[in-house]
Amino acid sequence: MTVLTTMVVVPSVALGQVEAPPKPDGSKPTVAHMGPMPTARATITAADLKGHATTLASDEYEGRLTGTAGQLKAAEYFRKHFESLGLAPWGDTVGGKRGYEQTYEVRATGLVPEQTGIFDSAGKRICDYGAWFVNTRKKQEVKVQGRLVWCGSTNPREMALQGAIAVCVMPESGREPRSTMAAFGEGFRLMAEVRAIAKNADAGGARGCILVSKELSVSFLSAANMSTSYPGKPQIARGRGRPMFGEQTPKVPTVAVDGKDAAALLAKLDIAQGADWNDADLVGKKSKAQVRIKAKPYSEELDAKNIVAVLEGRDPKLKNELVVFSCHMDHLGLTANGGVFNGADDNASGSSTVLEIAEAFSKLEGDARPRRSIMFLAVSGEELGLWGSEHFASHPTWPIDKIVADINMDMLGRSTDKVPSDSVALTPTYRNKDYSTLARRAAELGASFDLKMTNGDKFYQRSDHWNFAKEGIPVVFFCDDEHADYHMPSDTPEKLEYDKIERIARLAFTIGYEVANEDARPKQIGKQEDWFSEGH
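Take 180 as the starting number for the sequence shown in the numbering used here and just add one per residue.
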């Protein structure tokens with residue numbers, strides 16, 4: 180799920196304040212009356228969901244940053260799966276042949292790994308990783324050298340650093356943030372402190388600044404990921420725009436390192452492991468030899484990919500209409516200290532759901548096949564501003580007026596106090612101006628899958644369904660809540676509740692199957708008095 184930035188969010192009550200609907204009253208067919216459908220739906224299993232999510236959220240996929248090798252690897256995973264199911268490719272047409280890929284261009288601005296780093300006087304690399312603060316937009320190569328000077332926690336402005344490289348202690352995080360937004364705020368507070376220390380180092384005459392930490396905090400790593408480039412993780416922009424958070428860099432090249440990289444630097448200063456970094460007697464220690472900081476910026480155009488597949492409907496007329504199941508496959512890429520933003524909940528959970536739903540639909544044959552066509556859409560660029568779904572909506576590979584519904588899955592596998600294990604957040608709710616018969620039916624069916632509905636309206640503009648909703652298409656979005664691991668390296672697959680994902684996936688499958696077989700399209704009905712009223 181994309182981070183809330185400057186988007187205008189529809190007014191809503193707090194998450195969890197909408198009462199859960201009662202069990203369906205039987206006025207609609209239940210799954211027991213739908214022929215082969217329950218058998219196909221039963222093939223959606225927690226074990227298979229876990230298999231997909233564990234693969235996509237593995238280190239091998241390098242955090243799936245849009246346009247990078249990891250995201251393209253995820254796109255290929257979707258393509259191969261859809262192709263193996265016999266689904267029709269419905270992406271771009273190239274050379275008269277339609278493929279599964281829908282491509283759009285992004286621009287990567289970053290640092291060349293082989294030519295970026297901290298090196299000794301002989302040219303040997305000292306540090307493998309680091310959060311870099313250099314201006315990549317100017318495309319000017321950085322080359323500075325000087326002896327290391329240990330500043331510790333002393334203000335480097337107050338030291339004689341002419342021609343040297345200041346080595347300072349990285350500011351520590353305060354108390355554990357109590358919310359996701361507090362964690363982001365803490366990360367950007369630390370970023371501001373780093374820039375302030377670098378500014379003081381510059382004022383003290385330093386040519387560069389290195390900050391050391393025993394372990395960089397996850398809040399800082401998340402903020403660095405969003406607002407800086409470092410080797411292996413460029414900033415991604417679209418068109419002539421800048422990255423979502425831009426780059427704010429000090430005048431002197433600055434790097435923050437931790438762990439064994441910090442230890443290697445301290446060894447150059449003859450500061451023993453386990454030494455008290457706040458020991459005043461250490462302040463002013465210098466390395467015997469000079470050290471070099473080098474950074475080589477680059478900028479290149481990359482292809483980001485959506486993957487689009489279709490199961491053709493069986494009704495001669497209705498097969499021209501389409502029900503979309505959507506998810507985003509991308510996440511945040513690599514961390515500055517050599518880790519991975521695995522993005523298990525966000526959004527290997529929703530990705531695995533669409534993969535499993537597609538497989539379940541592919542097992543329906545003959546009269547069990549849905550009357551309308553079904554599209555399975557895995558987009559990229561969601562974390563950067565819903566780019567992939569926006570590109571699809573503005574360059575649809577199926578007539579946009581023939582899309583009758585979008586069922587979107589993003590972050591399904593965790594529980595919080597507001598969205599416990601027996602619940603799922605849904606938007607739009609009956610308190611939303613875009614409430615529809617599609618969302619109402621989701622609320623009705625939820626209890627059949629042991630799921631209560633909570634208010635997810637605060638997420639209405641924060642995932643890919645929004646680009647369908649802007650086109651007037653009825654949507655329903657399932658998600659959990661922002662939790663402590665949201666957009667952190669700690670969002671890993673062993674924390675997912677696969678039984679919960681299974682229930683949500685089966686619910687989504689059932690809703691899509693119903694919509695694909697109804698005579699009438701879903702319609703928007705606006706704000707209502709409760710989950711089940713219409714036209715009051």
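Idealized CB from N, CA, C, for every residue including glycine. Since the structure is predicted, the reported quantities are computational estimates derived from the model, not experimental observations.
The shortest CA-to-CA distance from ILE586 to any of PRO607, TRP566, THR576 and THR595 is the one to PRO607. Beta-bridge annotation (DSSP): LEU556 is paired with VAL487 and SER505. Taken through DSSP and simplified to helix, strand or coil, PHE657 comes out as strand. Shown here, TRP311 sits in a strand according to DSSP, grouped into three states. In this structure, DSSP gives PRO268 an extended state, which the three-state scheme calls strand. A residue is called buried once 16 or more other Cβ atoms fall within 10 Å of its Cβ, and GLU280 is buried on that count. The beta carbon of ALA695 lies closer than 7 Å to those of GLY492, VAL502, PRO549, ARG550, ARG551 and ILE553 in the same chain, with the five residues before and after it left out. Restricting attention to ALA523, PRO578, THR689 and ASP709, the CA atom closest to the CA of ASP659 is found in ALA523. HIS644 sits close to VAL654, with the two beta carbons spaced by under 8 Å. Here ALA377 has PHE312, CYS388, PRO429, VAL431 and THR433 as same chain residues with Cβ atoms under 7 Å from its own Cβ, once five neighbours each way along the sequence are excluded.
In the pairwise beta carbon analysis, the segment 280-291 is classified as touching the segment 230-248: at least three pairs are separated by under 8 Å. Closest option to MET508, judged by alpha-carbon separation, among LEU686, SER642 and ARG417: SER642.
Between the alpha carbons of LYS702 and GLU713 lies a distance of about 11 Å. In this structure, the straight-line span from the alpha carbon of GLU681 to that of ASP589 is close to 14 Å.
In terms of CA proximity to GLY309, GLY517 leads the group ALA254, GLY517 and ASN521. The C-alpha of GLU351 lies about 29 Å from the C-alpha of PRO476.
For GLY529, the uninterrupted alpha helix (DSSP H) segment begins and ends at 529-541. Between PHE261 and ALA488 a beta carbon distance of about 4 Å is seen, short of the 8 Å cut, so the two are scored as contacting. GLU673 has its alpha-carbon roughly 42 Å from the corresponding atom of ASP494. Between ARG220 and ARG685 a beta carbon distance of about 5 Å is seen, short of the 8 Å cut, so the two are scored as contacting. Annotated three-state conformation of TRP329 is strand, per DSSP. HIS231 sits away from LEU490, with the two beta carbons spaced by 8 Å or more. The beta-bridge partner set that DSSP reports for MET632 consists of VAL603. Linking LYS467 to GLY289 through their CA atoms gives a straight-line distance of about 32 Å.
Taking 8 Å as the upper bound for CB-CB distance, ASN521 and ASP670 are in contact here, some 6 Å apart. Take the alpha-carbon of GLY567 and the one of SER573: they are about 10 Å apart.
Here THR181 has GLU561, GLU562, LEU563, GLY564, LEU565, ARG641 and SER642 as same chain residues with Cβ atoms under 8 Å from its own Cβ, once five neighbours each way along the sequence are excluded. Each of GLY635, SER541, ALA648 and ILE486 was checked against the Cα of VAL583, and the nearest Cα belongs to ALA648.
Less than 8 Å divides the Cβ of ILE305 from the Cβ of LEU444.
For LYS473, DSSP records a beta bridge to GLY296 and LYS322. In the displayed model, LYS430 falls within coil according to three-state DSSP, outside both helix and strand.
Leaving aside the five residues that flank ASN334 on each side, the residues in its chain whose CB is nearer than 6 Å to its CB run, in chain order, ASN379. Residue pairing of TYR665 in beta bridges, as defined by DSSP: absent, with no partner found. Around the beta carbon of ASP437, 16 or more other beta carbons lie within 10 angstroms, which makes this residue buried. Beta-bridge partners of MET588 (DSSP): PHE657.
Every alpha helix (DSSP H) of 4 residues or more that sits fully in the segment 218-275 is shown, in chain order, as 225-235 and 248-263.
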